[in-house]
Amino acid sequence: MLSSNVTVQYVSEPTEDLVEEAVKVFSDLMPEDPLTISLVAGDRRLIPTMARAMIKPIALVVGDMYTATDESGKLAGFTLWLPPGRNLYDTGKEQLEMGYLDLMDKLPEEGRAYFAETMGKDFPKVIDSKTGIESTELNTYWCSFAFVKAEYQGKGVTRAMFELAFEKAKRLGATMALATTAERNVAIYQKLGFELKGYELMPSQWMPWPVWIFARDANTI
């Protein structure tokens, strides 16, 4: 049951300030996450820069944002989804200038290469191999981010935000899919009706990272 002091909503026009709140929520939760560490080439100071490079274009340009806020309007959690047919940088320069280019400037050469190869090629191939869906991230209602502040975890916040996304997926007739690098989330997503499609340990010179892939068929939504 959702905590009584929390409200969930779809945000039709996210603001820059909301993006920065989401960046902070992510950065506070993920300093020890192996994938996060790999994407910043081991430099934790770059975590907010990396998070912004992906959160901002999804929130402001291509995706759907659902949030949970407390009684004062502060962000308690957020999810970001890519509708079928859209991807992170599909409008090119506009989205790249929302943080990606800044991240590339700050990463060492090996970090830039790893980010491009992993996020652009290797990880999508793994996702597709597990779901059996070609270009999964492009052809599903793909959850790119789902994060809840530590003090609000276990209080129904994730479920409440996902229920809003379920409604959108049903209207679209779209399969939903996502990935997590945290084993504790496996049971959470299964309780939300997602089927575990597979597991992979991804290579990284900084820290190999585990990933669990999930999908929720459109016909069961």
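In full-length UniProt numbering, the protein residues as written are 1 to 221.
Ideal placement from N, C-alpha and C gives every residue a C-beta, glycine not left out.
Thinking C-beta only, is residue j closer than 8 Å to residue i?
{"i": "Ala160", "j": "Leu2", "result": "yes"}
{"i": "Phe78", "j": "Val23", "result": "no"}
{"i": "Leu177", "j": "Thr136", "result": "Contrary to the premise, residue 177 reads as Ala rather than Leu in this sequence. A contact, by the Cβ cut-off of 8 Å."}
{"i": "Phe214", "j": "Glu200", "result": "no"}
{"i": "Val62", "j": "Leu82", "result": "yes"}
{"i": "Tyr152", "j": "Ala68", "result": "yes"}
{"i": "Ala76", "j": "Lys191", "result": "no"}
The beta strand (DSSP E) with residue i in it runs from where to where?
{"i": "Lys197", "result": "195-202"}
{"i": "Val6", "result": "Val6 -> no beta strand (DSSP E), and no H or E assigned at all."}
Please indicate yes or no: does the CB of residue i lie closer than 7 Å to some heavy atom of the ligand COA?
{"i": "Gln190", "result": "Because no ligand of any kind appears in the structure shown, any question about the ligand COA cannot be addressed here."}
Using the C-alpha atoms, what's the distance from residue j back to residue i?
{"i": "Gly154", "j": "Gly193", "result": "17 Å"}
{"i": "Gly120", "j": "Met54", "result": "13 Å"}
{"i": "Thr158", "j": "Glu94", "result": "30 Å"}
{"i": "Arg86", "j": "Thr140", "result": "9 Å"}
{"i": "Pro57", "j": "Met30", "result": "20 Å"}
{"i": "residue 222", "j": "Thr49", "result": "Residue 222 falls outside the range modelled here, since the chain spans only 1 to 221, and no answer is possible."}
Taking all protein chains shown into account, decide if residue i is buried (16 or more other Cβ within 10 angstroms of its Cβ) or exposed.
{"i": "Asp64", "result": "buried"}
{"i": "Leu88", "result": "buried"}
{"i": "Lys130", "result": "buried"}
{"i": "Ser38", "result": "buried"}
{"i": "Leu10", "result": "With the sequence shown as reference, residue 10 is identified as Tyr, and Leu is not the correct amino acid for it. Tyr10 is exposed by the Cβ-count criterion."}
{"i": "Ser27", "result": "buried"}
{"i": "Ser144", "result": "buried"}
{"i": "Ala187", "result": "exposed"}
{"i": "residue 222", "result": "Coverage of the chain is limited to positions 1 through 221, which leaves residue 222 absent and any answer about it impossible."}
Could you pull the start and end residues of the alpha helix (DSSP H) that residue i belongs to?
{"i": "Val19", "result": "16-29"}
Exercise for the section: Please specify which runs of the beta strand (DSSP E), each continuous and at least 3 residues long, are wholly inside the UniProt domain "N-acetyltransferase" (73-212), giving them in chain order. Expected result: Runs of the beta strand (DSSP E) lying entirely within the UniProt domain "N-acetyltransferase" (73-212) and spanning at least 3 residues, in chain order: 75-82, 141-148, 176-180, 195-202.
Practice task
Could I get the ranges of all uninterrupted alpha helix (DSSP H) runs contained in the stretch 35-68, with 4 residues as the minimum, in chain order?
Solution key: Runs of the alpha helix (DSSP H) inside the stretch 35-68: 47-57.
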